[in-house]
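According to my numbering, the stretch in the sequence shown is residues 3 to 431, in order.
Down below is the structure, laid out as structure tokens.
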Amino acid sequence: MMCDKKDQMDFQRQTEKTETGVLLSSLIAPAFGEMHRMILEQGGEYVLKGGRGSGKSSFISIEMWLTLLRHPDMHGVVLRRVGNTLRSSVFAQLQWAAQTLGIGPMCRFTLSPAEAVYEPTGQKILFFGMDDAGKLKSLKVPFGYPGALWFEELDQFEEEQVRSVEQSVLRGKGPFYCFKSFNPPPLEQHWANRWARSSRPGRKIHHSDYTQMPPNWLGEKFLDDAHFLERENPRAYRQEYLGIPAGLGDNVFDNIAAQKIDEREIRRFDRILSGVDWGFYPDPWAFNRVYYDAARRTLYIFCELTCYKTVNRQTAQKIKELGVGPKEQITADSAEPKSVEDYREWGLFCRGAAKGPGSVGYSFHWLQGLRRIVIDPDRCPDTLKEFLEYRYDRGKDGTVLPGYPDRNNHHIDAVRYATEPVWGRRGNQ
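Put into structure tokens, the structure is as follows:
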């Protein structure tokens with residue numbers, strides 16, 4: 003569905019003209035309105051991911067100029083993994099943004115050196131490829147400091163390169179604005195996908211796709227191509243146009259939604275189920291609390307604990323500290339009956355999973371058949387990682403093998419045990 007007209011009108015009423023006298027709502031899609039307001043208020047790390055036509059690069063190119071206009075002592079640095087891709091991508095994008103903002107006649111662009119100069123103040127935007135990263139170590143600006151940094155196509159960099167550049171470029175008191183944009187790679191295991199799922203102070207993450215852009219910005223040909231691929235190859239459409247990692251066809255779970263679950267929603271859950279997968283080291287002990295909405299065939303996973311080298315008494319205490327009372331059922335791996343008994347002695351309502359022939363496959367089929375498995379990325383990062391990255395094995399010839407690999411699935415097992423009272427009943431497959 004395309005961006006809502008009411009949202010666009012609301013955004014237009016809330017925005018003012020930029021420093022250059024251009025109405026901002028004519029330049030920035032409503033989908034980016036909240037992020038624009040955050041950038042106005044404070045520096046930080048702004049991560050924009052999405053598919054084709056999602057508007058993220060256009061938005062960042064505009065924000066780069068607006069940020070420099072607000073901070074006349076600041077300069078910008080723009081990076082691509084390979085230098086020979088600069089001219090046709092970010093260099094051209096920032097030329098477009100300057101013209102769109104009405105400052106084009108006041109900007110001088112050169113390719114040798116690759117830079118853009120805002121002539122009224124002398125501020126610069128410098129362009130670098132990481133194949134010539136040595137120049138960044140001796141980066142000099144005529145005055146002030148480099149405070150606006152943009153990594154375009156973040157996934158093409160190495161994680162260590164990104165850290166090194168930030169440490170080299172963003173020094174001093176600031177404020178600093180670090181923009182990172184990319185189309186998520188197919189594999190959830192890719193470092194950029196993992197990194198964009200993690201939260202840290204000052205990091206804001208935004209996902210957009212073409213359906214949130216005004217249709218006239220994209221054109222009829224673009225929309226026709228997107229609709230054709232949606233019909234012909236839904237997985238490729240999700241990857242290319244929606245910017246959702248679609249894997250290589252061997253994902254076990256295609257129904258995962260990373261979504262915040264707030265306290266008010268949790269208080270409405272009328273029957274919470276808990277599960278434990280025993281472990282010590284190197285395998286962890288894993289615990290999860292979940293809620294199953296049968297009417298919507300949706301599972302909510304909102305709590306996790308992951309412990310290494312922690313004895314039963316300590317893990318039991320951790321569970322109690324979460325507010326798990328003596329009436330909340332905990333289903334645990336029955337391979338350790340003594341651990342189950344320990345929990346009972348310490349006041350927890352714990353029982354061993356029934357398991358039985360075919361129970362592994364049955365529980366996986368049930369989870370795969372749900373409409374959605376909603377996992378809170380802040381409360382349950384380890385669980386989200388396991389579900390997103392869990393894949394079928396492949397044979398030597400590349401074919402997908404049947405069965406479910408028994409590795410890196412500790413929270414998956416805890417969730418399977420927790421939901422056994424649901425999927426274990428007849429008629430729930």
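Glycine is no exception: its CB is placed at the ideal position from the N, C-alpha and C atoms.
Nothing here was measured: the structure is a model prediction, and the numbers come from that model.
Beta-bridge pairing of I414 - partner residues as DSSP gives them: DSSP lists no partner for I414.
State the Cα-Cα distance for the pair L350 and D395, rounded to the nearest angstrom. 37 angstroms
Can you check which of these residues, A337, K387, V49 and I268, is closest to T308 by C-alpha distance? K387
Which of the three DSSP states, helix, strand or coil, is assigned to Q331? coil
Given W67 as reference, the closest of V342, R89, C109 and E36 once Cα atoms are compared: C109
Span of the beta strand (DSSP E) around F129: Q125 to G131
Limits of the beta strand (DSSP E) - the one that V119 falls within: A116 to Y120
Might you give, ordered along the chain, the residues of its own chain that have their beta carbon closer than 7 angstroms to the beta carbon of S91, omitting 5 neighbours on each side? R82 and E154
I'd like to check one pair, F366 with I375: are the Cβ atoms closer than 9 angstroms? no
In whole angstroms, give me the CA-to-CA distance for M132 and G78. 16 angstroms
Indicate whether A150 and M76 have their beta-carbon atoms separated by less than 9 angstroms. yes
Using 8 angstroms as the cut-off, can you tell me whether the segment 292–302 makes contact with the segment 328–344, which would need three or more C-beta pairs spanning the two stretches below that distance? no
Compute the beta-carbon to beta-carbon distance between H413 and E338, rounded to the nearest angstrom, for a pair I have assumed lies under 8 angstroms. About 17 angstroms; that fails the 8 angstroms criterion.
In this structure, how does DSSP classify P148 when only helix, strand and coil are distinguished? strand
Distance check for D211 and R39, CA to CA, integer angstroms please. 20 angstroms
So the candidates are V49, D252 and E422; which of them puts its Cα closest to the Cα of L403? D252
What residues in its chain sit with their C-beta under 7 angstroms from that of G146, if we drop five residues either side in the sequence? D75, M76 and H77
Just how far apart, CA to CA, sit Y120 and L103? 13 angstroms
Classify A238 as buried or exposed, calling it buried when 16 or more other Cβ atoms lie within 10 Å of its own Cβ. exposed
Based on the DSSP secondary-structure assignment, which residues constitute the bridge partners of E47? C180 and R205
Can you tell me which of the three DSSP states W287 falls into? strand
I246 - DSSP class collapsed to helix/strand/coil: coil
With a Cβ-Cβ cutoff of 9 angstroms, do G55 and A228 count as a contact? yes
Where DSSP assigns a beta bridge to Y293, which residues make up the other side? I274 and Y302
Exposed or buried, which one is P379 when buried takes at least 16 other CB atoms within 10 Å? buried
In the DSSP assignment, find the unbroken beta strand (DSSP E) run with M76 in it and report its ends. M76 to R82
Within the present structure, is the beta-carbon of H208 separated from the nearest heavy atom of the ligand COA by less than 8 angstroms? Absence of the ligand COA is noted for the structure shown, with no ligands found whatsoever.
Measuring CA to CA, which of G53, R346 and G57 is closest to N491? Residue 491 is absent from the model: the chain starts at 3 and stops at 431.
Could you give the DSSP three-state label for Y310: helix, strand or coil? coil
For the beta strand (DSSP E) that R112 lies in, which residues bound it at each end? Checking the sequence shown, residue 112 turns out to be Thr, not Arg. It spans C109 to L113 - the beta strand (DSSP E) in which T112 sits, taken as one unbroken run.
Near G53, which residues of its chain fall below 7 angstroms by C-beta distance, leaving aside the five closest residues on each side in sequence? N185, D211, Y212, E242, Y243, L244 and G245
Hey, how far is the Cα of L156 from the Cα of I274? 39 angstroms
Check whether the Cβ atoms of G281 and V417 sit closer than 9 angstroms, and answer yes or no. no
DSSP three-state call for I268: helix, strand or coil? helix
Whole angstroms is fine: what's the gap from Q125's alpha carbon to V143's? 9 angstroms
State the CB to CB distance for the pair P284 and A31, rounded to an integer number of angstroms; the pair is presumed to be in contact (CB under 8 angstroms). Incorrect: roughly 47 angstroms between the Cβ atoms, too far for contact.
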